[in-house]
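In the UniProt record's numbering, the protein residues as written are 1 to 422. Here the structure is laid out as structure tokens; the discussion comes afterwards.
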């Protein structure tokens, strides 16, 4: 996706000197005097470091792909800690549960052609003043919301918890209100975006129990509420790797890893594609929905030394290089491709209807961060937990970059009258 970042162009300075031939040394002397200043002018970088989004000026802009870049060392470290933010849940509180290394906290994303501005909580809240924002998706979507809460908590006052009280799920449907800015932030949990149920009639669910997915029916857990929100960040991913029975028009059409006789295994990608097709179609067809929609692309896991349920872990302490991920994670690229194809189709239709659809393309960026997961540091060592977490992200950690992207994109939405382009 292409974005704009400010650039100061190099100045060029020319002089013409008319002198008699007898003054042979004069041009040479002037050259020696002017040379240091010329070097200063021409050695100036074509793009300056940006410490605040407010320095961005669309009239002095340079095309910049903010999702194309690299992770660079960042000695300053994170915006907050597990001691300064109480929104961190135990499962992402890696430091509290004894993670010994800290290098994973000292990397920052550097786009190739510009600088990604630092997160500014006051500026973010001014941009979203009077608005409502929802993170729609699974627990990784909630992971991003908790990151945002911590980033805002670092610089501004505490929000009021206004979560619904008429639900038994007090974790997945949280809502917070920033009174000074009349801003509401919430999470709408929907791991598949479409309607689902347990295949077990007793409702017994485990990590790998089979589930039913109704690919052409949107999940009302989020679709019934989304019209009340102005900014929606939608995502989904890891739940599609479990055993699934896939339904369309009420009929079983296939499955994923179900091992059921006479039922065609359609693999991961079919159900994933159809779920996003249905989710996007639902947003486009909601009459009262006029919000700005962001697709946050697939967030990869990094299990090594075994599958997630067979001792797999994520013990790395440094980012991957791009060379290290070229031949690995082919399935992530297929998932990402599927997702982006459905997004582009929806975006074309959204433009016809005057709606704004944008993509936060974080997949390859996070592929490079196998060091950012809790692994076995998301719980007390006294607990009998046999599965390591290589899906979610430590807080603080690389997931904070997603909200730097979010602030940048919101700011550019306001500053530019033309739509963002892929």
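All C-beta atoms in this analysis are idealised placements derived from N, C-alpha and C, irrespective of residue type, glycine included.
Asked: DSSP state of residue 400 mapped onto helix, strand, coil; Found: helix
Asked: Beta strand (DSSP E) runs contained entirely in the segment 300-379, provided each spans 3 or more residues; Found: 356-360
Asked: Proximity winner among 139, 388, 289 and 259, relative to residue 209 (alpha-carbon distances); Found: 259
Asked: 6 Å Cβ shell around residue 277 - same chain, five flanking residues per side excluded; Found: 342
Asked: Length of the line joining the Cα atoms of residue 75 and residue 105; Found: 9 Å
Asked: Residue(s) in a DSSP beta bridge with residue 197; Found: 212
Asked: Those residues which DSSP pairs with residue 252 across a bridge; Found: 247
Asked: Cβ distance (whole Å) where residue 135 is taken to contact residue 187 below 8 Å; Found: 5 Å
Asked: Alpha-carbon to alpha-carbon, residue 371 and residue 107; Found: 11 Å
Asked: Residues that DSSP places opposite residue 184 in a beta bridge; Found: 132 and 177
Asked: Residue nearest to residue 287 in terms of C-alpha spacing, selected from 173, 213, 354 and 110; Found: 354
Asked: Rounded Cβ spacing between residue 235 and residue 296 (contact assumed at less than 8 Å); Found: 4 Å
Asked: Closest by C-alpha distance to residue 387, when choosing among 337, 396, 245 and 309; Found: 309
Asked: Beta-carbon contacts of residue 243 that lie in its chain and below 6 Å, excluding the five residues immediately before and after; Found: 210, 257 and 258
Asked: Member of 143, 129 and 377 whose CA lies at the smallest distance from the CA of residue 179; Found: 129
Asked: Given residue 332 as reference, the closest of 357, 299 and 348 once Cα atoms are compared; Found: 299
Asked: Same chain, Cβ closer than 7 Å to residue 70, five either side skipped, listed in chain order; Found: 110
Asked: Length of the line joining the Cα atoms of residue 255 and residue 279; Found: 20 Å
Asked: Contact the segment 318-326 vs the segment 149-166: 3+ CB pairs below 8 Å; Found: no
Asked: Buried versus exposed, by CB contacts within 10 Å (16 or more), residue 140; Found: buried
Asked: Contacts around residue 173, its chain only, beta-carbon distance under 7 Å, and the 5 residues preceding and following it disregarded; Found: 163, 164, 167, 187, 188 and 189
Asked: Distance between residue 377 and residue 426 (C-alpha atoms, nearest Å); Found: The displayed coordinates of the chain run from 1 to 422. Any statement about residue 426 would go beyond what the structure contains.
Asked: Sequence-distant residues of the same chain with beta carbon closer than 8 Å to residue 407, five excluded per side; Found: 53, 117, 119, 120, 123, 124 and 127
Asked: Rounded C-alpha distance that separates residue 82 from residue 380; Found: 15 Å
Asked: Close Cβ partners of residue 446 (< 6 Å) along its chain, the five nearest in sequence each way excluded; Found: Nothing can be reported for residue 446, as the shown portion of the chain is limited to 1 through 422.
Asked: Span separating the alpha-carbon of residue 420 from that of residue 412; Found: Its pLDDT being 41, under 50, residue 420 is placed unreliably by the model, and the measurement read from it follows with that caveat. Cα to Cα, residue 420 sits roughly 8 Å from residue 412.
Asked: Member of 101, 97, 349 and 177 whose CA lies at the smallest distance from the CA of residue 133; Found: 177
Asked: Three-state class that DSSP yields for residue 39 in the structure shown; Found: Low confidence applies here, because residue 39 scores a pLDDT of 35, under 50, leaving its location unreliable and the question unanswered by this model.
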